[in-house]
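Engineer: Following this message is one structure expressed as structure tokens.
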Amino acid sequence: MSGSLGSHTALYLAAAEARRRGAELWPVLAWEPPGGELAANRTAATSPSALDWRRLARERLLTALDDVFGAAGPGVQLHALVACGAPGRALVGIADRENDVLVVGAGRRGGLRRALRRSVSRYCLAHAACPVLAVPPSPLEAELTAVHRRNAWRLRLDTRDLGDAAKTVPPDA
């Protein structure tokens, strides 16, 4: 549960699958401290900053659950879990039984993004001991991303226009 629109879609489908199977739902937000796992190992797990990061992760997970299910809840027994570690490794470690089903979002990834960040869904598909359901991104997510890009471009253009206008105004005006 990263909080992205794709993770919301995956959570919604995971709840539907849990209802269909009569199973429990274990939404997981896996987080890495700034600097990664090596930095976390060097500092105490109970240090104030580690506790703050854990609290923020828990709040983010609870917000995502509320965004997806609201007050009605998922309709199955729910066990929200916050795990410290690389997301793929953490998810595979938690869903470690053959009868588990691991549901992950498989977001859109361009070439640059793929080169810079490992894919959690690919890691889970390659390493999980249980079936993995990789949920493709919603078409709505692509539409929202395109709108965001257009608006960001307009903002950049507006900023340049303001800068050019400032250059043409006489200093005494």
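Heads up: take any position in the sequence shown, counting from 1, add 488, and you land on the working numbering. Beta carbons are placed, not taken as given, at the ideal position from N, Cα and C, and that holds for glycine.
Smallest Cα separation from H567: which of Y611, P575 and I582?
Structural biologist: Of Y611, P575 and I582, the residue nearest in Cα terms is I582.
Engineer: Hey, out of A504, A594 and H615, whose CA is closest to S490's CA?
Structural biologist: Minimum Cα distance to S490 is reached at A594.
Engineer: May I ask which residues mark the beginning and end of the alpha helix (DSSP H) holding V589?
Structural biologist: Unbroken run through V589: none, as it is neither H nor E.
Engineer: Give me the DSSP bridge partner(s) of L513.
Structural biologist: Bridge partners of L513: L566.
Engineer: Check each candidate in D588, V620, P627 and A616 and name the one with the smallest Cα separation from A511.
Structural biologist: Looking at the Cα atoms, D588 is the closest of the given residues.
Engineer: Report yes or no: do the stretch 620-627 and the stretch 490-508 share at least 3 C-beta pairs separated by less than 8 angstroms?
Structural biologist: At 8 angstroms Cβ cutoff, the stretches touch.
Engineer: How close, in whole Å, do the beta carbons of W514 and A545 come, if the pair is a contact with beta carbons under 8 angstroms?
Structural biologist: At roughly 15 angstroms, the Cβ-Cβ gap does not stay under 8 angstroms, so W514 and A545 are not in contact.
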